[in-house]
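Asker: Please find one structure pasted underneath; my questions will follow.
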Amino acid sequence: MVTGGEHLKVFTPEENGSDTSLEEILAEYTGSPAEEEKSQPEKDSTPPGEDPPTPAQERKVWVWRQIERSEKSVEGFSDGDSRRGSASTPRENERFSAMTADTTDLANAIRRPQQINNPERRDAEIRTVTPEEAARLCEKRIAAIRARMWPLTIIAAVMALITLSTKLDGAAAIFGQNLRFSSAMLLVLHLSCCALGLDVILRGVKDILILQPRTESVIAFACLFSALHAIVGIVAPEKAMGLPFCAVGSCAVLFFRLGLLAKLRANRTCYKLYLSSGEPQAVIRRSGDWDGGDIIIKQGVDPNDFVESCTEEDGSQRLFTIACPAILILVIVSSLIVLLYGRGLTGFLRALASLSCACAAFSSSLCYALPLRKLNKVLQSYGAAVTSWTGAKQVSRGGGVVITDSDLFPPGKAALSGMKIIGPSSVEWVLSVSASVIDASGSELARPFLELMREQGGTRRPVENLHFDNSGGYVADVQGCHIYIGSSAFMRKQEIELYSALMVKKGIYLAINRVLTAVFIINYSASPSIAASMRILSRKPGFKPILALKDFLIDREMIEEEFLTKTDRMFFPDLTESGRFHSLADSSKSGRIPSGIICREGLTAFACLLIGCRKLTRRTILSCLLALGAAVLGLEFMFFLGLSGSYSAASAANLLIYNLLWLLPTFFIGSGTGRL
Numbered sequence: 109m110v111t112g113g114e115h116l117k118v119f120t121p122e123e124n125g126s127d128t129s130l131e132e133i134l135a136e137y138t139g140s141p142a143e144e145e146k147s148q149p150e151k152d153s154t155p156p157g158e159d160p161p162t163p164a165q166e167r168k169v170w171v172w173r174q175i176e177r178s179e180k181s182v183e184g185f186s187d188g189d190s191r192r193g194s195a196s197t198p199r200e201n202e203r204f205s206a207m208t209a210d211t212t213d214l215a216n217a218i219r220r221p222q223q224i225n226n227p228e229r230r231d232a233e234i235r236t237v238t239p240e241e242a243a244r245l246c247e248k249r250i251a252a253i254r255a256r257m258w259p260l261t262i263i264a265a266v267m268a269l270i271t272l273s274t275k276l277d278g279a280a281a282i283f284g285q286n287l288r289f290s291s292a293m294l295l296v297l298h299l300s301c302c303a304l305g306l307d308v309i310l311r312g313v314k315d316i317l318i319l320q321p322r323t324e325s326v327i328a329f330a331c332l333f334s335a336l337h338a339i340v341g342i343v344a345p346e347k348a349m350g351l352p353f354c355a356v357g358s359c360a361v362l363f364f365r366l367g368l369l370a371k372l373r374a375n376r377t378c379y380k381l382y383l384s385s386g387e388p389q390a391v392i393r394r395s396g397d398w399d400g401g402d403i404i405i406k407q408g409v410d411p412n413d414f415v416e417s418c419t420e421e422d423g424s425q426r427l428f429t430i431a432c433p434a435i436l437i438l439v440i441v442s443s444l445i446v447l448l449y450g451r452g453l454t455g456f457l458r459a460l461a462s463l464s465c466a467c468a469a470f471s472s473s474l475c476y477a478l479p480l481r482k483l484n485k486v487l488q489s490y491g492a493a494v495t496s497w498t499g500a501k502q503v504s505r506g507g508g509v510v511i512t513d514s515d516l517f518p519p520g521k522a523a524l525s526g527m528k529i530i531g532p533s534s535v536e537w538v539l540s541v542s543a544s545v546i547d548a549s550g551s552e553l554a555r556p557f558l559e560l561m562r563e564q565g566g567t568r569r570p571v572e573n574l575h576f577d578n579s580g581g582y583v584a585d586v587q588g589c590h591i592y593i594g595s596s597a598f599m600r601k602q603e604i605e606l607y608s609a610l611m612v613k614k615g616i617y618l619a620i621n622r623v624l625t626a627v628f629i630i631n632y633s634a635s636p637s638i639a640a641s642m643r644i645l646s647r648k649p650g651f652k653p654i655l656a657l658k659d660f661l662i663d664r665e666m667i668e669e670e671f672l673t674k675t676d677r678m679f680f681p682d683l684t685e686s687g688r689f690h691s692l693a694d695s696s697k698s699g700r701i702p703s704g705i706i707c708r709e710g711l712t713a714f715a716c717l718l719i720g721c722r723k724l725t726r727r728t729i730l731s732c733l734l735a736l737g738a739a740v741l742g743l744e745f746m747f748f749l750g751l752s753g754s755y756s757a758a759s760a761a762n763l764l765i766y767n768l769l770w771l772l773p774t775f776f777i778g779s780g781t782g783r784l
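First residue of the sequence shown: 109, per our numbering; consecutive thereafter.
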């Protein structure tokens, strides 16, 4: 199973506990990626008697250089080109720009190799950002966004107050009648907001230029034409037809960055869980591994897949990527209709500003980020977190939920409460044989058996020819002895004589060479939270629990007795098929996007994650539809009001109130996601 910290660990001077500089750390590795050395003469810098650096070491050095430069960029070093040195290649500069953009998704730097058309080059470009490095980059981006959020919030609030104050009689005499003064003030504040959110504006302009408009493109449209409308208000206030829409555009930038901050904080929760756990597990939906349909299973985490899942596009981004081209076309066409209707160039410019501001829904970036942030904050207390939209959507469809022994009875919940040895066999020999066979079977009962074996001075013995019997037991050979270990039903099937005085309900029987040798009494303690999770999963439509158990004492009767739930909708595979499910859980095949990670034993975290994924997808889709509907509805209102000349109704204050009111459903839906 893959654990955090095994993949290209990068040690900083602080972690080493010394004052070693970055140059001294880099001096431990010689060489650098070939692309970075193209502009320098080739020379062999490897010290005599030492092996040349491996490709992994070269990639490690290159990634650490980019992280250091990203830190300098966040701390305010504006002269990045001069500090990077003259040996940087255009491709290195491109990657550096992607990694140092404080609000750009990590996917721009991590998933860039997947955008290469040449398959050979794509395979050669290995994703080198480890979870540790991704967590550090996430922290830097959060710090950078928070540093700009306070001034951006204050300026946007002042602009909103100026715009809304025109609704009051006293303030209207200042801001409503003196349009030139108010337009100049709003323009200065608006340009300040655009400077603080310059990355959003530039990204939107770039997407327009490459004909792939997104939410940032609509916001860039709104900010640009709001500024032009404000300039008209300064130059020719009699033709401006009301206050400019600068406050709406600035608030759109503010709430977009707020959504970015919420998503980064949710990702930070995932990174913390991953790095704090010794053996995190990923929840993945697999198809073709069960005759009854797809299965949802816990298995080892691949570091590359984990980082990629945290940085992929979410559902709201994908929806608005599809809708934004149509929205921008509607804005331009509607504005041209206003121009042809005889409203003049100023009317055309006002229509562009008002319609683009109406389509710049404040909740566009909060539809997924806010529910994800609320959900991960709650799931963190259970030791789980949602990592990706794709995985959460797949898991929310339901399927067979593979439940293992450790899910029902975590360590400490199944213990040996007594034993009885029959015959001349020693305690050390009996415990060594039984613990070795149970441990080889993969059952969770191996833990208490091995602990008792060590206390009694026993040792593990080699186990051969182990096979399962579906009646509830194992048969194996240990040092020339034929071992039978299982339930009373298994012993009766093997025609091994049992004593009526030794018949116990939760007992494991050991027979050596077909002679009863020992009886072990197992005490099970069901957790109330796990019992509640069992009842919830068995009742939720779409989820079918698959109890892939290697403990032959756990059956339908015991489940109903211990967990107080019905087993009608549960599937109990035989021991052979349960072993196959366990082998799937032990694998960590890359290429599968996990829906979330689990860092705690027991079924509670697993069940909460599944329920949370379903709630997250449904609420995200609902929020996206409401945001998209609000944008289209606002566009229609502003178009018809502007076409009819009702500029007092189609004012900036009314549009700002309209967009703010449509935030309420998003906040209400997002806050409810945290209640499981």
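For each residue, glycine too, the CB sits at the ideal point set by N, CA and C.
#1: Would you mind stating whether Val494 and Ser641 have Cβ atoms separated by less than 8 Å?
#2: How is Arg677 classed by DSSP in three states: helix, strand or coil?
#3: Relative to the C-alpha of Ala634, which residue among Arg647, Thr712, Ala619 is closest?
#4: Compare the C-alpha of Gly357 against each of Phe517, Phe329, Ile342, Leu539 and name the closest.
#5: Tell me, please, which residues DSSP counts as bridged to Leu730.
#6: In the DSSP assignment, find the unbroken alpha helix (DSSP H) run with Pro556 in it and report its ends.
#7: Taking its Cβ as the centre, do 16 or more other Cβ atoms sit within 10 Å of Ile620, making it buried, or is it exposed?
#8: Short of 6 Å in beta carbon distance, which residues of its chain neighbour Ser525, apart from the five on each side in sequence? Order them along the chain.
#9: Where does Val266 fall in DSSP's three states?
#10: Ala243 to Ile705, Cα distance in whole Å?
#11: Would you tell me roughly how many angstroms separate the C-alpha atoms of Val391 and Phe364, rounded to the nearest one?
#12: Restricting to runs no shorter than 3 residues, where is the beta strand (DSSP E) found entirely within the segment 362-414?
#13: Roughly how many angstroms lie between the CA atoms of Ser691 and Leu657, to the nearest whole one?
#14: Could you tell me whether the Cβ atoms of Thr498 and Glu563 are closer together than 8 Å?
#15: Could you compute how far the alpha carbon of Arg393 sits from the alpha carbon of Asp402?
#16: Do Phe714 and Lys371 have their C-beta atoms closer together than 8 Å?
#17: Would you decide whether Phe775 is buried or exposed? Buried here means 16 or more other CB atoms lie within 10 Å of its CB.
#18: State yes or no: is the C-beta of Gly508 within less than 8 Å of the C-beta of Phe576?
#19: Since I believe Ile270 is in contact with Leu294 (beta carbons under 8 Å), could you give me their beta-carbon distance rounded to a whole number of angstroms?
#20: Buried or exposed for Phe353, please, with buried defined as at least 16 other CB atoms from any protein chain shown within 10 angstroms of its CB.
#21: Can you list, in chain order, the stretches of the beta strand (DSSP E) that have 3 or more residues and sit fully within the segment 504-561?
#22: Does Pro198 come out as helix, strand or coil in the three-state DSSP assignment?
#23: Using a 10 Å radius around the Cβ and a threshold of 16 neighbouring Cβ atoms, would you call Val510 buried or exposed?
#24: Determine the contact status of Tyr379 and Pro518, defining contact as a CB-CB distance below 8 Å.
#25: So, at 6 Å on beta carbons, what are the nonlocal neighbours of Pro321 in its own chain, with the 5 sequence-adjacent residues on each side left out?
#26: In whole angstroms, give me the CA-to-CA distance for Met257 and Leu272.
#27: Please classify Pro259: does DSSP put it in a helix, a strand, or coil?
#28: From what residue to what residue does the alpha helix (DSSP H) around Gly455 run?
#29: Taking the straight line between their C-alpha atoms, what separation do you get for Ile593 and Gly565?
#30: For Lys613, which option in Met666, Leu645, Cys301, Thr625 has the closest C-alpha, if you only look at C-alpha atoms?
#31: Applying the criterion that 16 or more other CB atoms from any shown protein chain within 10 Å of the CB defines a buried residue, is Ala738 buried or exposed?
#32: Do Leu483 and Thr781 have their CB atoms nearer than 8 Å?
#33: For the putative contact between Glu603 and Ala584, defined by C-beta atoms under 8 Å, what is the C-beta separation to the nearest angstrom?
#34: Check whether the segment 730-746 and the segment 765-772 touch, using three or more Cβ-Cβ pairs below 8 Å as the test.
#35: In the DSSP assignment, the alpha helix (DSSP H) including Thr429 goes from what residue to what residue?
#36: Measuring straight from C-alpha to C-alpha, what distance separates Glu416 and Leu383?
Answerer: Quick answer:
#1: In the sequence shown, the residue the question calls residue 494 occupies position 386. In the sequence shown, the residue the question calls residue 641 occupies position 533. Not a contact, by the Cβ cut-off of 8 Å.
#2: Start at 1 with the first residue of the sequence shown, and residue 677 comes out as number 569. Coil, per DSSP.
#3: As a first step, residue 634 is located in the sequence shown; it is residue number 526 there, counting from the start. That would be Thr712, whose Cα lies nearest to the Cα of Ala634.
#4: Your numbering for residue 357 matches position 249 in the sequence shown. When only C-alpha atoms are compared, the closest one is Phe329.
#5: Counted from its first residue, the sequence shown places residue 730 at position 622. The partner list for Leu730 (beta bridge, DSSP) is empty, contrary to what the question assumes.
#6: Sequence index remark: in the sequence shown, residue 556 carries index 448 (1-based). Taken as a continuous stretch (DSSP letters only), the alpha helix (DSSP H) holding Pro556 covers 554-563.
#7: Translated into positions along the sequence shown, residue 620 becomes position 512. Ile620 is buried by the Cβ-count criterion.
#8: Taking the first residue of the sequence shown as 1, we reach residue 525 at position 417. The residues are Ile629, Asn631.
#9: The residue given as residue 266 occupies position 158 in the sequence shown. Note: Val266 maps to helix in three-state DSSP.
#10: For the purposes of this step, residue 243 is taken as residue 135 along the sequence shown, with counting starting at 1. For the purposes of this step, residue 705 is taken as residue 597 along the sequence shown, with counting starting at 1. Taking the straight line joining both Cα atoms gives about 15 Å.
#11: Along the sequence shown, one-based indexing puts residue 391 at 283. Along the sequence shown, one-based indexing puts residue 364 at 256. Their Cα atoms are separated by approximately 30 Å.
#12: 389-394, 403-408
#13: Counting from 1 along the sequence shown, the entry for residue 691 is found at position 583. Counting from 1 along the sequence shown, the entry for residue 657 is found at position 549. So the two alpha carbons sit approximately 12 Å from each other.
#14: Here residue 498 corresponds to residue number 390 of the sequence shown, with the count starting at 1. Here residue 563 corresponds to residue number 455 of the sequence shown, with the count starting at 1. It is not a contact, given that the beta carbons lie outside the stated cut-off.
#15: In the sequence shown, residue 393 corresponds to position 285, counting from 1. In the sequence shown, residue 402 corresponds to position 294, counting from 1. The straight-line gap from Cα to Cα measures roughly 7 Å.
#16: Reading the sequence shown from its first residue, position 606 is the one you call residue 714. Reading the sequence shown from its first residue, position 263 is the one you call residue 371. No, they are not a contact pair.
#17: Looking up residue 775 in the sequence shown gives position 667. Exposed, by the Cβ-count rule.
#18: Translated into the one-based positions of the sequence shown, residue 508 becomes position 400. Translated into the one-based positions of the sequence shown, residue 576 becomes position 468. No, these two residues do not count as a Cβ contact at 8 Å.
#19: Translated into the one-based positions of the sequence shown, residue 294 becomes position 186. Translated into the one-based positions of the sequence shown, residue 270 becomes position 162. About 6 Å; that satisfies the 8 Å criterion.
#20: For this step, residue 353 is matched to residue 245 along the sequence shown. Buried, since its Cβ has 16 or more Cβ neighbours within 10 Å.
#21: 507-511, 522-529
#22: Locating residue 198 in the sequence shown gives position 90, where the first residue counts as 1. With a pLDDT of 44 at Pro198, under the threshold of 50, the modelled position of that residue is not reliable, and no figure is offered here.
#23: Within the sequence shown, numbered from 1, the residue matching residue 510 stands at position 402. Buried, since its Cβ has 16 or more Cβ neighbours within 10 Å.
#24: Stepping through the sequence shown from its first residue, residue 379 is reached at position 271. Stepping through the sequence shown from its first residue, residue 518 is reached at position 410. The answer is no: Cβ separation not under 8 Å.
#25: Counting from 1 along the sequence shown, the entry for residue 321 is found at position 213. Within the same chain, Pro321 has close Cβ partners Asp315, Cys432, Pro433, Leu436.
#26: As a working mapping, residue 257 is identified with position 149 in the sequence shown. As a working mapping, residue 272 is identified with position 164 in the sequence shown. Looking at the two C-alpha atoms, the distance is approximately 22 Å.
#27: Walking along the sequence shown from the start, residue 259 turns up at place 151. Pro259 falls in the helix class under three-state DSSP.
#28: By one-based count along the sequence shown, residue 455 stands at place 347. Gly455 -> alpha helix (DSSP H) spans 452-467.
#29: Along the sequence shown, read from residue 1 onward, the residue named residue 593 stands at position 485. Along the sequence shown, read from residue 1 onward, the residue named residue 565 stands at position 457. Roughly 21 Å between the two C-alpha positions.
#30: Stepping through the sequence shown from its first residue, residue 613 is reached at position 505. Nearest option by C-alpha distance: Met666.
#31: Reading the sequence shown from its first residue, position 630 is the one you call residue 738. With 16 or more Cβ atoms within 10 Å of its Cβ, Ala738 is classed as buried.
#32: For the purposes of this step, residue 483 is taken as residue 375 along the sequence shown, with counting starting at 1. For the purposes of this step, residue 781 is taken as residue 673 along the sequence shown, with counting starting at 1. Yes, these two residues count as a Cβ contact at 8 Å.
#33: Here residue 603 is taken as the residue at index 495 of the sequence shown, counted from 1. Here residue 584 is taken as the residue at index 476 of the sequence shown, counted from 1. Actually they do not touch by this definition, with Cβ atoms about 18 Å apart.
#34: yes
#35: As a first step, residue 429 is located in the sequence shown; it is residue number 321 there, counting from the start. 423-446 is the extent of the alpha helix (DSSP H) around Thr429.
#36: Residue 416 sits at position 308 when you count from the first residue of the sequence shown. Residue 383 sits at position 275 when you count from the first residue of the sequence shown. Whole-angstrom Cα-Cα distance: 16 Å.
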